[in-house]
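> In the UniProt record's numbering, the protein residues as written are 1 to 91.
Glycine included, every Cβ here is placed at the ideal spot set by N, Cα and C.
Please read these numbers as outputs of a predicted model, since none were measured by experiment.
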């Protein structure tokens with residue numbers, strides 16, 4: 001179980017750091033405003049801006065769903081498989 005925790009934590013921190021960096025560049029109009037990191041992004045000026053603005057959402061959802069998968073879904077699936085196997089052996 002510790003390896004699933006570390007995999008989820010690695011995905012959460014890695015994708016979260018990339019999300020925070022890109023959101024800080026593109027979604028923070030001023031550091032004195034209260035809507036830092038969640039302001040609407042500006043219109044992309046070139047292809048690299050468009051890719052970066054797209055990746056903001058990708059990294060956010062990767063961080064959230066990756067941690068959810070490794071911390072909840074995979075351990076629950078392993079427990080379910082063990083319970084089904086145990087039930088089959090006892091019959």
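1) Note the first and the last residue of the continuous alpha helix (DSSP H) segment covering residue 38.
2) Could you check whether the region 6–15 touches the region 38–53, counting it as contact only if at least three pairs of C-beta atoms, one from each stretch, sit closer than 8 Å?
3) For the pair the region 64–78 and the region 25–32, tell me if three or more CB-CB distances fall below 8 Å.
4) Where do the ends of the alpha helix (DSSP H) carrying residue 25 lie?
5) What's the call for residue 38, buried or exposed, on a 16-neighbour Cβ count within 10 Å?
6) Hey, residue 15 and residue 59 are a contact pair by Cβ (cut 8 Å); roughly how many whole angstroms apart?
7) Look at residue 17 and residue 56 and say whether their C-beta atoms are less than 7 Å apart.
8) Can you tell me whether residue 76 is buried or exposed? The criterion is at least 16 other CB atoms within 10 Å of its CB, across all chains shown.
9) With H, G and I counted as helix, E and B as strand and the rest as coil, what does DSSP make of residue 45?
Quick answer:
1) Residue 38 -> no alpha helix (DSSP H), and no H or E assigned at all.
2) In this structure the region 6–15 does not lie against the region 38–53, because fewer than three pairs of beta carbons, one per stretch, are closer than 8 Å.
3) Under the three-pair Cβ rule at 8 Å, the region 64–78 does not count as touching the region 25–32.
4) It spans 2–26 - the alpha helix (DSSP H) in which residue 25 sits, taken as one unbroken run.
5) It counts as exposed.
6) Indeed, because the Cβ distance is near 5 Å, the residues count as touching under 8 Å.
7) Contact: no.
8) Result: exposed.
9) Reduced to three states, the DSSP call for residue 45 is coil.
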